[in-house]
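Have a look at the structure below before the remarks.
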Amino acid sequence: MLVELSLPTSQLMSVFAEPARVEHVFASLAQMGGKALRSIGLARATLRLHWKAATYNLRRLCSLKQAGPRPF
Numbered sequence: 001m002l003v004e005l006s007l008p009t010s011q012l013m014s015v016f017a018e019p020a021r022v023e024h025v026f027a028s029l030a031q032m033g034g035k036a037l038r039s040i041g042l043a044r045a046t047l048r049l050h051w052k053a054a055t056y057n058l059r060r061l062c063s064l065k066q067a068g069p070r071p072f
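Following full-length UniProt numbering, the numbering of the sequence shown begins with 1 at its first residue and continues without gaps.
Below you can see the structure in the form of structure tokens.
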């Protein structure tokens, strides 16, 4: 069954204009090699994923410091 939307297109676009912040995190992790790891053991794999997350956080911190927002 096909349902028509009663909202105009401009109003729908304003609702979906801002994507979630989480998508950017996963996209940057994919650029750093994704979640595929070549290591033996769960501890080493966990450590490598933590390193990737820390790298993302540091890169994000540097970009925020360049933009100049104030901490709250």
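Ideal Cβ placement from N, Cα and C applies to all residues, glycine included.
Computed from a predicted model, the values in this text were never measured in an experiment.
I need the boundaries of the alpha helix (DSSP H) containing alanine 54, first residue and last residue. In the sequence shown, counting from the first residue as 1, residue 54 sits at position 54. Residues 42 to 67.
Which of helix, strand or coil DSSP assigns to leucine 37: Counting from one through the sequence shown, the residue named residue 37 turns up at place 37. Leucine 37 falls in the coil class under three-state DSSP.
With a cut-off of 8 Å, do at least 3 Cβ pairs link the region 54 to 61 to the region 36 to 45? Using a Cβ-Cβ distance cut-off of 8 Å, the region 54 to 61 and the region 36 to 45 are not in contact, since fewer than three pairs of beta carbons, one from each stretch, lie closer than that value.
8 Å Cβ cutoff met for tyrosine 56 and valine 25: The residue given as residue 56 occupies position 56 in the sequence shown. The residue given as residue 25 occupies position 25 in the sequence shown. Yes, the Cβ-Cβ distance between tyrosine 56 and valine 25 is below 8 Å.
Which same chain residues end up closer than 6 Å to alanine 45 when comparing Cβ atoms and leaving out the 5 residues on each side of it in sequence? Counted from its first residue, the sequence shown places residue 45 at position 45. Closer than 6 Å at the Cβ level, and outside the excluded window around alanine 45, lie Leu37 and Ser39.
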